[in-house]
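Engineer:
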Amino acid sequence: MAVSSANTVDLGAAMVTAPTALADWVVILPVALPILGGAILLMVRHQVRLHAWMAVVVAAATLAATTALLVRVIAEGALVMTMGRWLPPFGISFNADALGATFALTATFVTLVGALFAIRDIDATGRRYGFYPFLLLMLAGVNGSFLTGDLFNLYVWFEVFVISSFGLLVLGSEQRQIDGASKYAVLNLVATTVFLIATGALYGTLGTLNMADIANKVGAARETGPLMTIATLLLLAFGMKAAAFPLNFWLPASYHTPRIVTSALFGGLLTKVGIYALLRSMMVLFPLERVVLSDLIAWVAGATMVLGIMGALAQSDLRRIVGFVVVSGIGVMLAGLALGSPLGLAGTVLYAVHSILIMTALYLLVGLMYEAGGSYSLHDIAGLYRAHPLLAAIAFALVLAAAGLPPLSGLWPKVVLVKASLDAGMWWLAIAILVSGILTTIALARVFALAFWRDRPDAGPAAGDGAAAQLGGGYAILAGLLVPAIWIGIYPEPVLQLAQLAAAGLSDPSAYLEAVFPLGPGS
Amino acid sequence: METALSGLVGLFYAVAIYLMLSKHTIRMILGIVILGNAVNMTIFAAGRVLREVPPIIPAGFDTPPESVANPLPQALVLTAIVISFSFFAFLLVLAYRAYQELGTDDTDEMRVAEPDGEGPPPMGY
Chain A
1 MAVSSANTVD LGAAMVTAPT ALADWVVILP VALPILGGAI LLMVRHQVRL HAWMAVVVAA
61 ATLAATTALL VRVIAEGALV MTMGRWLPPF GISFNADALG ATFALTATFV TLVGALFAIR
121 DIDATGRRYG FYPFLLLMLA GVNGSFLTGD LFNLYVWFEV FVISSFGLLV LGSEQRQIDG
181 ASKYAVLNLV ATTVFLIATG ALYGTLGTLN MADIANKVGA ARETGPLMTI ATLLLLAFGM
241 KAAAFPLNFW LPASYHTPRI VTSALFGGLL TKVGIYALLR SMMVLFPLER VVLSDLIAWV
301 AGATMVLGIM GALAQSDLRR IVGFVVVSGI GVMLAGLALG SPLGLAGTVL YAVHSILIMT
361 ALYLLVGLMY EAGGSYSLHD IAGLYRAHPL LAAIAFALVL AAAGLPPLSG LWPKVVLVKA
421 SLDAGMWWLA IAILVSGILT TIALARVFAL AFWRDRPDAG PAAGDGAAAQ LGGGYAILAG
481 LLVPAIWIGI YPEPVLQLAQ LAAAGLSDPS AYLEAVFPLG PGS
Chain B
524 METALSGLVG LFYAVAIYLM LSKHTIRMIL GIVILGNAVN MTIFAAGRVL REVPPIIPAG
584 FDTPPESVAN PLPQALVLTA IVISFSFFAF LLVLAYRAYQ ELGTDDTDEM RVAEPDGEGP
644 PPMGY
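Heads up: the protein sequence lines correspond to chains A and B, in order.
Take the first sequence: its position 270, counted from the start at 1, is 270 in this note's numbering, and no numbers get skipped.
Take the second sequence: its position 2, counted from the start at 1, is 525 in this note's numbering, and no numbers get skipped.
(1) From A/L50 to A/W157, what distance separates their C-alpha atoms?
(2) Leaving out five residues on either side along the sequence, give the residues of the same chain with a beta carbon under 7 Å from the beta carbon of A/T102.
(3) Anything in the segment 131-156 of chain A with a Cβ closer than 9 Å to a Cβ of chain B? List those residues in chain order, please.
(4) Closer than 7 Å by beta-carbon distance: list the chain A residues that pair up with B/M551, in chain order.
(5) Taking the continuous beta strand (DSSP E) assigned at A/M81, which residues delimit it?
(6) Starting from B/A603, trace the alpha helix (DSSP H) in both directions and tell me its first and last residue.
(7) With a Cβ-Cβ cutoff of 7 Å, do A/A443 and A/A301 count as a contact?
(8) Residues in the same chain with beta-carbon distance under 6 Å from A/A237, minus the five sequence neighbours each way, listed in chain order, please.
(9) Between A/A55, A/D97, A/R85, which lies nearest to A/T67 when the distance is taken from Cα to Cα?
(10) For A/R456, which of A/L384, A/F448, A/L405 has the nearest alpha-carbon?
(11) Establish whether the CB of A/M15 and some CB of chain B are separated by less than 7 Å.
(12) Just checking A/Y155 against the ligand NAP - is the residue's beta carbon closer than 6 Å to any of the ligand's heavy atoms?
(13) What does a CB cutoff of less than 6 Å around A/A6 pick up in its chain, not counting 5 residues either side in sequence?
(14) Strictly under 7 Å for the Cβ-Cβ distance: is B/M633 near chain A by that measure?
(15) For the segment 213-233 of chain A and the segment 272-291 of chain A, state whether three or more C-beta atom pairs, one from each stretch, are separated by less than 8 Å.
(16) Under 7 Å between C-beta atoms, does A/A253 make it to chain B?
(17) Distance, Cα to Cα, A/I178 vs A/A220?
(18) Is DSSP giving A/D380 helix, strand or coil here?
(19) Ignoring anything shorter than 4 residues, give me the alpha helix (DSSP H) runs that lie fully in the segment 232-283 of chain A, in order along the chain.
(20) Does the beta carbon of B/F611 sit closer than 7 Å to a beta carbon anywhere in chain A?
(21) Which one of B/P638, B/F611, B/R571, B/F584 has the shortest CA to CA distance from B/S529?
(22) In this structure, what does DSSP give as the bridge partners for A/S93?
(23) For A/M15, name the three-state secondary structure that DSSP assigns.
(24) First and last residue of the alpha helix (DSSP H) that includes A/R320?
(25) Compare the C-alpha of A/V326 against each of A/G91, A/V292, A/T205, A/Y351 and name the closest.
(26) Residues in its own chain within less than 8 Å of A/G267 by CB, not counting five upstream and five downstream?
(27) From what residue to what residue does the alpha helix (DSSP H) around A/L400 run?
(28) How about A/L378 and B/P645: are their beta carbons less than 7 Å apart?
(29) Contact defined as beta carbons within less than 8 Å: I believe A/D121 pairs with A/G367. What is the distance between those atoms, to the nearest angstrom?
(30) A/P492: which of A/L434, A/G347, A/T205 sits nearest, CA to CA?
(31) Ordered along the chain, which non-local residues of its own chain (more than five positions away) have a Cβ less than 7 Å from that of A/A424?
(32) Using CA coordinates, which residue listed in A/V160, A/I163, A/F152, A/A181 is at the minimum distance from A/G204?
(33) Counting only Cβ pairs nearer than 7 Å, list the residues of chain E close to B/Y648.
Given below as structure tokens:
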């Protein structure tokens, strides 16, 4: 932070002199809308009847905003909006590029689905304790993480969604929840603190926190600064948030304890924020350090995907099985980061979109299975195929999707990642991806065989027709998640192109940097 | 000044890690609080400590005429203090509720969510 001794400065280079164009507000809307909605919901905390539909309206408006943002980013490239009057690197700027906008759109869509599902899952007590405000504030934190262009601001958004997730996690105050929340809270807090250590060290080294400014300045500091240490700390922190092996044990300890819709949103959204932060920090901020770390990331990726799914094989609780499937998917996404090639990164982005949709759907499916079969344990649940054929059809589609079999969305990212691994000569990583796919098939097919095909031991009718009627709304919501998954599976071209666009922005961030500093670095 | 602060920060990290390695929740939480303070001082030291000159630009100047104290780390630390304080409050309540509900503050015995001896899932039917 050397201060220039010149007494006159060009204020035009440091300050916004024109008001922000009205259309640019779309960059901040995906964060501002849910924060406003959450605040209003807190004010009408006691009118629980209002909560559900207000949250759905806010989530739908946020979905419209993220869609508009993505359309504009595809048409015009990265968008930048600066808060206050200070231009980067002084003020905090929000930068939306194809990567962030894609993640934000998918996350908001899933949150909207979760808000709809919660209408039937969360009772009046849960609403009075603030389920919907927490939900919207978590969405704000997640979208803020995807769109911010400032490293310290990213830390703040992490804390926003983490503390909202604490609220969601302990909603109900059951023994299991408090047990799970203790482990989740402590380990997540340690992870964000490690992130803060890295942020502080980075600020001490480069004197800036704006991501584009860091990317510009990092080359000059490579000889003198402890950049490798900072990059490793960031890898540790975000790897912990993403639940990468061996830092993943908080996830299977806690994700099965809250309400099923909460589990679904956590499984879909929160770990992907870690993946996003890893992509952004490793590819844009520390590209050369990532090359050094790539072998480590590759081993972590392979171990996460194979050991994660082995955990699923050993479980008999449906929700814990899905938790381990989530962990395994993290490994698949890390494989693309380890490769670092445009194709591998595109595979990671594509898999992340697929994973946000499918992991949420799997948890919601497990919730419906519990309603229909009365148990989460594989020892007890049986005979669902006879009682609920439609649920069986949806479950079968989700098994195919999660295992990466055609014709659903899980196939293409794995095809891309296997090809990228073979291109890079990392055949063992390709084998790990394929083995984890086979083990996922075994784990989930066993769930399907036991829960759906196996006859109930008492051979009586499973649940009454009343249960089938109640599941109706749940079917519609699950189908809403399946439609994009089937669409990506059958016609992957548009989403694949989008993923390649996002990956191109990561492998060559010059367009992103130019959007933040139109006058060139150091201006 | 930075050297002394760095030594103190290192001491804080050591104490924090030692406490967090405990399996009793209260010690872990104390460790996390000390870790948070260690990080705050890291940021503070990273911003270079210079206390003599306040960051005020005199009249008639566009930039400060000499080196001034860096106000940004203080803003960062303030944010981090608020966040870590609220987390500390939450964790304390959580630990107390966990002690009430589970009857223990030993994390080895907190096995309600992940019970021991569940056994393998059914192998067939």
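Note that the Cβ used here is the ideal one computed from N, Cα and C, for glycine as well.
Structural biologist: In short:
(1) Rounded to the nearest whole angstrom, the C-alpha separation of A/L50 and A/W157 is 27 Å.
(2) Within the same chain, L70, V349, V353, L498, A502 come within 7 Å of A/T102 by CB-CB distance, once the 5 residues on both sides are set aside.
(3) So the list reads F152, Y155, V156, given in the order they occur along the chain.
(4) Within chain A, the residues placing a beta-carbon under 7 Å from that of B/M551 are V186, ordered along the chain.
(5) Element bounds for A/M81: 79-82.
(6) That run of the alpha helix (DSSP H) goes 595-625.
(7) No, Cβ-Cβ distance for A/A443 and A/A301 is not below 7 Å.
(8) In the same chain as A/A237, and ignoring 5 residues on each side of it, the C-beta atoms closer than 6 Å to its own belong to A191, V194, F195, in chain order.
(9) Nearest option by C-alpha distance: A/D97.
(10) With distances taken between Cα atoms, A/R456 lies closest to A/L384.
(11) Chain B contact via Cβ: absent.
(12) Although the ligand NAP was asked about, the structure shown includes no ligands whatsoever.
(13) Note on A/A6: pLDDT 47, under 50, position unreliable in the model; no value is reported.
(14) B/M633 belongs to the set of residues whose beta carbon lies under 7 Å from a beta carbon in chain A.
(15) Touching, per the Cβ criterion.
(16) Judged by the 7 Å Cβ criterion, A/A253 is in contact with chain B.
(17) So the alpha carbons of these two residues sit roughly 48 Å apart.
(18) Here A/D380 sits in coil by DSSP.
(19) Counting only unbroken stretches of 4 or more residues, the alpha helix (DSSP H) elements lying wholly within the segment 232-283 of chain A are 250-254, 260-265, 271-279, in sequence order.
(20) No, B/F611 lies away from the interface with chain A (no Cβ there is under 7 Å from its Cβ).
(21) Nearest of B/P638, B/F611, B/R571, B/F584 to B/S529, Cα basis: B/R571.
(22) DSSP output for A/S93 lists A/T82 as bridge partner(s).
(23) In the structure shown, A/M15 sits in a strand (DSSP, three-state: E or B).
(24) Segment 318-339, the alpha helix (DSSP H) holding A/R320.
(25) Measuring from the Cα of A/V326, the nearest candidate turns out to be A/Y351.
(26) Around A/G267, the same chain offers Y255, V322, G323, V326, M359, T360, L362, Y363 as residues with beta carbons nearer than 8 Å, after the five sequence neighbours per side are excluded.
(27) That run of the alpha helix (DSSP H) goes 389-403.
(28) Less than 7 Å separates the beta-carbon of A/L378 from that of B/P645.
(29) Between A/G367 and A/D121 the Cβ distance is about 7 Å, and since that is below 8 Å, they are a contact.
(30) Looking at the Cα atoms, A/G347 is the closest of the given residues.
(31) Closer than 7 Å at the Cβ level, and outside the excluded window around A/A424, lie L339, S341.
(32) For A/G204, the nearest C-alpha among the options comes from A/F152.
(33) As a matter of chain content, chain E is missing from the structure shown, whose protein chains are A and B.
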